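*Asks:* With UniProt numbering applied, the sequence shown corresponds to residues 1 to 204, in that order. Don't be surprised by glycine CBs; every beta carbon is placed ideally from N, CA and C. If you're wondering where the values come from, they're calculated on a predicted model, not measured in any experiment. If you scroll down you'll find the structure; I have some questions about it.
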Amino acid sequence: MSLYPPLQAYIERAQALPIGEERKRILQVLIDYVQQKIDQGQDINLNFICTHNSRRSQFSQLWGKVAATYHGIDMNSFSGGVEVTAFNERAVASIRRFGFKVTKKGEANPTYFVFFSDDEDPIVTFSKVFDDAANAPTAFAAVMTCSHADENCPFIPGAEARIPVRYEDPKAYDDTELEEEKYDERSLQIASEMLYVFSRIKKK
1 MSLYPPLQAY
11 IERAQALPIG
21 EERKRILQVL
31 IDYVQQKIDQ
41 GQDINLNFIC
51 THNSRRSQFS
61 QLWGKVAATY
71 HGIDMNSFSG
81 GVEVTAFNER
91 AVASIRRFGF
101 KVTKKGEANP
111 TYFVFFSDDE
121 DPIVTFSKVF
131 DDAANAPTAF
141 AAVMTCSHAD
151 ENCPFIPGAE
161 ARIPVRYEDP
171 KAYDDTELEE
181 EKYDERSLQI
191 ASEMLYVFSR
201 IKKK
């Protein structure tokens, strides 16, 4: 697989970021889940969930798929929320800065086609509830990327595992001088951690 050159450069930056021991302990639960699916020869379905499915869960869906593909692992990456809004335009702008190629269809809650390589199909994403028909109905891990969704959604139908991997919301910096920096910082952190997760998987 040949990634777009700007995206490859950001992946190298993400791989160089340090990950603290506490975060590694959190991520180990996700590593163990993915490894178990590999060992059992089963499909890997990850549904990244936050409240509005607009920022952190979208970043996680995208970087999860890129990281898995980068490390040669077949993984189905989904995202959802407890409310429908839209893939936030600030987050979309951030992934464009990272070198993803993005096309958009629709207006109110657009569907985005996100390309990371000419060798791979685009990742198709839009804001939706976690049990939307576009997501895996069963046999998936619910990866909870925000505290609000994790605390207010105690039961995820169809999930065989629930794995909290929480991130701070860049929304706090909307319409400030730090907006772009903080969105890119969060995206890079998620990229770093997803790359770390899939680098630890032992393939059959």
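Would you give the residue range spanned by the alpha helix (DSSP H) that V124 belongs to?
*Replies:* Taking the sequence shown and counting its residues from 1, one reaches residue 124 at position 124. Premise fails: V124 lies in the beta strand (DSSP E), 123 to 125, not in any alpha helix (DSSP H).
*Asks:* Here's a check: name, in chain order, each residue in its chain whose Cβ is nearer than 6 angstroms to the Cβ of A14, leaving out the five neighbours to either side.
*Replies:* In the sequence shown, residue 14 corresponds to position 14, counting from 1. Here the set comprises L188, A191, S192, L195.
*Asks:* Check whether the Cβ atoms of A67 and F198 sit closer than 8 angstroms, and answer yes or no.
*Replies:* As a working mapping, residue 67 is identified with position 67 in the sequence shown. As a working mapping, residue 198 is identified with position 198 in the sequence shown. Taking 8 angstroms as the Cβ cut-off, A67 and F198 qualify as a contacting pair.
*Asks:* Terminal residues of the continuous alpha helix (DSSP H) containing V66?
*Replies:* What you label residue 66 is simply residue 66 of the sequence shown in a count that begins at 1. Taken as a continuous stretch (DSSP letters only), the alpha helix (DSSP H) holding V66 covers 56 to 70.
*Asks:* Roughly how far, in whole angstroms, is the beta-carbon of S57 from the beta-carbon of G81, given that I think they are within contact range, below 8 angstroms?
*Replies:* Taking the sequence shown and counting its residues from 1, one reaches residue 57 at position 57. Taking the sequence shown and counting its residues from 1, one reaches residue 81 at position 81. That belief holds up - the Cβ atoms of S57 and G81 are roughly 6 angstroms apart, short of 8 angstroms.
*Asks:* Figure out for me which residue from Q28, D43, P6, D39 has the closest Cα to the Cα of F140.
*Replies:* The residue given as residue 140 occupies position 140 in the sequence shown. Comparing Cα positions, the closest option is D43.
*Asks:* Can you tell me whether M144 is buried or exposed, with buried defined as 16 or more other CB within 10 angstroms of its CB?
*Replies:* Position 144 of the sequence shown holds residue 144. Burial call: buried.
*Asks:* DSSP beta-bridge partners for I49?
*Replies:* As a first step, residue 49 must be located in the sequence shown, where it is residue number 49. Paired residues: G80, M144.
*Asks:* Under three-state DSSP, which class holds S117?
*Replies:* As a working mapping, residue 117 is identified with position 117 in the sequence shown. In this structure, S117 counts as strand in the three-state DSSP scheme.
*Asks:* Using a Cβ distance threshold of 8 angstroms, determine whether the segment 36 to 50 contacts the segment 102 to 111, with at least three qualifying pairs required.
*Replies:* Too few Cβ pairs lie closer than 8 angstroms, so no.
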